[in-house]
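Numbering (the UniProt record's numbering), first residue to last: 1 to 119.
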């Protein structure tokens, strides 16, 4: 099965959010639970899941009595998605604590004459 997008436009359609939807579906195996966790309506999660399905040209998850079971394509991309999200969350999103003693920023404070004493 071809796992590559069929066009440059399709490749550009995936976002960090789509990867988050995929990861939640892999972990929870339920559209309802994934939507609840991501605080989305089920219809929105379903639309994002459809974008993923179109992108990979695969159903990715098949409904069974035991929940949504990942296909072999979903299983093959799961580690890559997990790694991409880990890198994003630990590297790009990591917030550094503000340390005023080492900051080289210039701050301007506007205050009335009455409040200048407090500062």
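No residue lacks a Cβ here, since even glycine has one placed at the ideal position from N, Cα and C. None of the values given here were measured: they were computed from a predicted structure.
- Annotated as proximal: residue 69 and residue 61, with beta-carbon spacing under 8 Å.
- Taking 8 Å as the cut-off, the Cβ atoms of residue 28 and residue 37 count as close.
- For residue 86, the enclosing alpha helix (DSSP H) has its first and last residue at 72-87.
- For residue 32, no beta strand (DSSP E) encloses it; the enclosing alpha helix (DSSP H) starts and ends at 31-37.
- Ranked by Cα distance from residue 39, the options 76, 17, 26, 65 are led by 17.
- As DSSP reads the structure, residue 62 sits in a beta bridge with 69.
- A straight-line Cα-Cα distance of about 10 Å links residue 79 and residue 85.
- When rounded, the separation of the alpha-carbon atoms in residue 56 and residue 71 is 11 Å.
- DSSP places residue 90 outside any alpha helix (DSSP H), giving it a letter other than H or E.
- Secondary structure at residue 113: helix, using DSSP grouped into helix, strand and coil.
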